[in-house]
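Structure first, commentary second.
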Ligand SMILES: Cc1cc2nc3c(=O)[nH]c(=O)nc-3n(C[C@H](O)[C@H](O)[C@H](O)COP(=O)(O)OP(=O)(O)OC[C@H]3O[C@@H](n4cnc5c(N)ncnc54)[C@H](O)[C@@H]3O)c2cc1C
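Protein chains in written order, with the working numbering: chain A, 1 to 620; chain B, 1001 to 1427.
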């Protein structure tokens, strides 16, 4: 029997990232997936990044992960969202060439040391002394491992709906995972059902592009990976069209034939990604919706019409698509559909993404109730690192809310669970001003280096930048001037007699680095990218001081670990309702407990008291 | 570590109240109030002063770090238990920048963290906590019912709306959401800020308890106001004459009604007049009467008053010795109906001290003050020339957190709910 340190089941975005992370940590890793040539397939929108999501990609990249690098190998239109707003809320996004993205993922996977790809369907799990010890494939092959990570996405009991037709499937053209779903059902986990949808794919050759508005990428593209400076492939534009009254009429008349409105689907869908049926019904007074026509690749005619996902029957899809300007004669290459699937209540997971009552088994990606490539990949990274660490008998790595969007997401998932497919937003991060896409490397690469999952190249690259940043900052801190001097250079500051460093001046909204460099030519020694980064750091410096106090308070609470077997039930003083909520969420730190819905400071003090008591009894 | 303070004894009238201050700045803060501190573990009698004003005479006790309930430096102020005294001292502490009001359970929590509680105490703690959560629940219920509840719900909705609009322009910049949300955000922020300010002013109910209420007697000349005042106060304070218009200036008499300090105002008779001097008196009377906490309208039957009574005002029919009538009627001369009137006044004023109820707590005042400040900053950011919604949103988050004890937790899910129900998100 073959043995690995880590087995990853599933070759989607979570699976790829998990397998690479484990392999980078030096664990012998197997990536088992249904089809090896489907590794890196984008099931839905051919785009990576966005608000919150772009932050996740940067963080994955800072940990030397795959997604940012692969996205840059495939990025055909870059846009930095919120470019005119502050850097804390700017999100890099790119259209990706579907084929290039897949090719990049597979190439990177082939080149990754310690990583072997195995094609097959995982049908069962094996256990030894209560710990997961490996998997069994559909052809009965057994493979053993110290840790197993499941990243099976929408495949668990997947059911695809188009109009009133339903068929089982993991996504279009793929079989669902039934046996594995049954096996999970036997593990006594809380399972739920969610749904999501995708629009029909159009033949770009049949679109009248000439009469449509086009949306080009940014003039100075901002790429994903900290290792890259500019796009690696040719850049293109997207088209824009709109739905109209006629489109809406067609949809309204056929609502009862939609899988969702015909009552065929019970799963809960994401509100931020509604189907066109939803939009027409819920926002009845809107007479038009924007539709982005996104080419799926440089040498691919498939077009992804962003904004009109649906589960209407094919002929209705055809009718309503053709009612739109520029799409009068369009051909549908693949119908839109909705998919329903099982997910595992993520409150059964630890912050390392290990199932609390099934040691050795990790879950990552859509299986945990999230949606989106970036969310999946970020979880894959964490599960991969921790599965490897566990196989090496090392302590888990937990990224916290105060440190990263990844930490925010995982903390949200494991303490609050999900009610609809979970997607990242910047508003979920309470320390948004310090957790920026631009400083992801400063926040996380040192951790990656210490863990041992960063390559030589990544490490060198980062240390060089870090040295330049500290040197630049030190230089600016050392240049201190009086308010009078500031004014003599044309900078408006309070005449309060306070001396200020040039770095402090940089935090003023109307004082830019370039202006400073005119007044203080010494600053020209600082490279432009370093200067740009220092400007971003300076911009929020005053706010960060306040946030750092909140961060410290949260960290104090995080330092209080709650043992896995802590008894909330019958903890006198806690209301029944809170007992139940805490018992379900099983927070692993006092900080997490504080974020469980309804928990009061008094309840926290009570938990703390019990923790102390437990500790004393052990000592005694 | 921040320094925190709170009333350690139960709220309400009592002989003695103990305020506890714990944390590194506790001694300094106390010294600020009482001058020199007694030696640790020795009681010292001190006058507490704030901005030159003597607040109370107190027994002051200092504890060194490592030898106190919480394990930190602690000061206990044993003060007189009157509600007004306690409120004044808590407010003074609240105004010290290095101090903040303790959260529920925070002293106990610090004690736990600093290993100051033994096993028995820990076990006894659950009862304490039960009491605390029950108290919190009751308090929340009280806030959330009735008129206060409606204001608070309104703040919550406004905060959520404003924050959701800002967050929508941030998180859904690539979607079909309005680009310029400034007018609506400013509208909401201004509205809440005005309300918060008004609420801060209402804390004066607590002040009233300390400084007393004003009750004005109003009516046309010769209605018998002065007679009534004299009868109520039991002494001839106002000049009584049969010529209409004698009481030109406002006459004040302080008395105790149902345990509350009340200043009765006898105002000039309200009537149109050509006499310049009298007209000034009438104007002044109207002003004072309007500003008073309560008005007693002394009327004849069928008379329509010149100044219109407010909801809570009392209407009595005077000179019941002349006209016999039913309803609330009094006679300053015979004393008929005076006890009923006094009881009525007392009841109305007492009701107000409760009506202010939950909002008079210093903790809430601190919260409202902090929130209103944060809203001010948020408004600056919204109106600034730089497109920095993230900074405005950050201040709004602060405001919401400050008001948490009043409006409940405003969670990101609430914002997302608002966004998804107002805008068609989803390309
Ligand atoms: C129809 C549809 C619509 C979507 N719409 C959106 C959207 O609107 N917005 C959005 O953000 N995201 C959307 N997505 C989600 C996005 O594609 C996923 O969130 C993301 O790809 C999840 O990644 P994953 O790695 O968790 O799973 P997946 O990418 O689904 O990968 C699962 C992998 O597991 C493998 N596998 C499954 N079972 C087994 C088994 N038993 N043995 C071996 N291998 C197995 C599969 O072959 C596959 O490689 C949609 C997905 C689909 C299918």
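Backbone N, C-alpha and C fix where the C-beta goes; we use that ideal spot for every residue, glycine too.
Hey, out of A:52, A:313 and A:328, whose CA is closest to residue 89 of chain A's CA?
A:52
Could you check if residue 625 of chain A is buried or exposed, using at least 16 other CB atoms within 10 Å of its CB as the buried criterion?
This structure leaves residue 625 of chain A out entirely; chain A is present only between 1 and 620.
Out of curiosity, what's the CA-to-CA distance linking residue 1372 of chain B and residue 1190 of chain B?
10 Å
Can we count residue 20 of chain A as close to ligand 1, meaning its CB is less than 7 Å from some heavy atom?
no
CA-CA distance, residue 10 of chain A and residue 1067 of chain B?
59 Å
Straight-line CA distance for residue 366 of chain A to residue 1152 of chain B?
39 Å
Assuming residue 17 of chain A contacts residue 65 of chain A under a Cβ cut-off of 8 Å, what Cβ separation, rounded to an integer in Å, is found between them?
5 Å
Contact set between residue 543 of chain A and chain B, taken where Cβ atoms lie within less than 8 Å:
1391 and 1394
Less than 7 Å between C-beta atoms, sequence neighbours within five positions excluded: which residues of the same chain meet that for residue 1081 of chain B?
1013, 1014, 1015, 1016 and 1017
Would you report the Cα separation of residue 466 of chain A and residue 442 of chain A, rounded to the nearest angstrom?
7 Å
Going straight from the alpha carbon of residue 49 of chain A to that of residue 237 of chain A, what length do you get?
17 Å
Since I believe residue 1288 of chain B is in contact with residue 1216 of chain B (beta carbons under 8 Å), could you give me their beta-carbon distance rounded to a whole number of angstroms?
6 Å
Start-to-end residues for the beta strand (DSSP E) that takes in residue 173 of chain A
Note, residue 173 of chain A: premise wrong, no beta strand (DSSP E); not H, not E.
Can you determine whether any heavy atom of ligand 1 sits closer than 7 Å to the C-beta of residue 14 of chain A, and answer yes or no?
yes
List the residues of chain A that residue 1004 of chain B touches, going by C-beta distances under 7 Å, in chain order.
Ordered by position in chain A, no residue passes the 7 Å Cβ test against residue 1004 of chain B, which lies about 12 Å from the chain.
Looking at the structure shown, is residue 90 of chain A part of a helix, part of a strand, or coil, going by DSSP?
coil
Check the DSSP bridge columns for residue 238 of chain A and list the partner residues they point to.
A:215
Would DSSP call residue 1351 of chain B helix, strand or coil?
helix
Judging by CA-CA distance, which residue of A:480, A:370, A:595 and A:529 is the nearest neighbour of residue 229 of chain A?
A:529
Residue 594 of chain A vs residue 582 of chain A beta-carbon contact at 8 Å
no
To test your reading of the DSSP string, which unbroken beta strand (DSSP E) runs of 3 or more residues are found completely within the region 282–352 of chain A?
290–297, 300–306, 332–334 and 337–344
Quick one: grab the DSSP three-state call for residue 374 of chain A.
helix
Flag residue 195 of chain A as yes when its Cβ comes closer than 7 Å to any non-hydrogen atom of ligand 1, and as no otherwise.
no
With 9 Å as the C-beta to C-beta threshold (strictly closer), list the residues of the region 251–275 of chain A near chain B in chain order.
270, 271, 272, 273, 274 and 275
Quick check on residue 513 of chain A - is its C-beta less than 8 Å from some C-beta in chain B?
no
8 Å Cβ cut-off: residues of chain B touching residue 427 of chain A
1167, 1170, 1171, 1393, 1412, 1415 and 1416
Shorter than 7 Å, the distance from the beta carbon of residue 1009 of chain B to the closest heavy atom of ligand 1, or not?
no
Listed by chain order, chain B residues near residue 86 of chain A by CB distance under 9 Å
1386, 1387, 1388, 1389, 1390 and 1391
Residue 3 of chain A - DSSP class collapsed to helix/strand/coil
strand
Could you check if residue 201 of chain A is buried or exposed, using at least 16 other CB atoms within 10 Å of its CB as the buried criterion?
buried
Which of helix, strand or coil does DSSP assign to residue 1027 of chain B?
helix
Expressed to the nearest angstrom, what Euclidean distance is found between the alpha-carbon atoms of residue 280 of chain A and residue 349 of chain A?
38 Å
Anyone know if the C-beta pair for residue 291 of chain A and residue 191 of chain A falls short of 8 Å?
no
By how many angstroms is the C-alpha of residue 477 of chain A removed from the C-alpha of residue 562 of chain A?
42 Å
Assign residue 526 of chain A to one of three DSSP states: helix, strand, or coil.
coil
Whole-angstrom Cβ separation of residue 159 of chain A and residue 339 of chain A, contact assumed at under 8 Å?
7 Å
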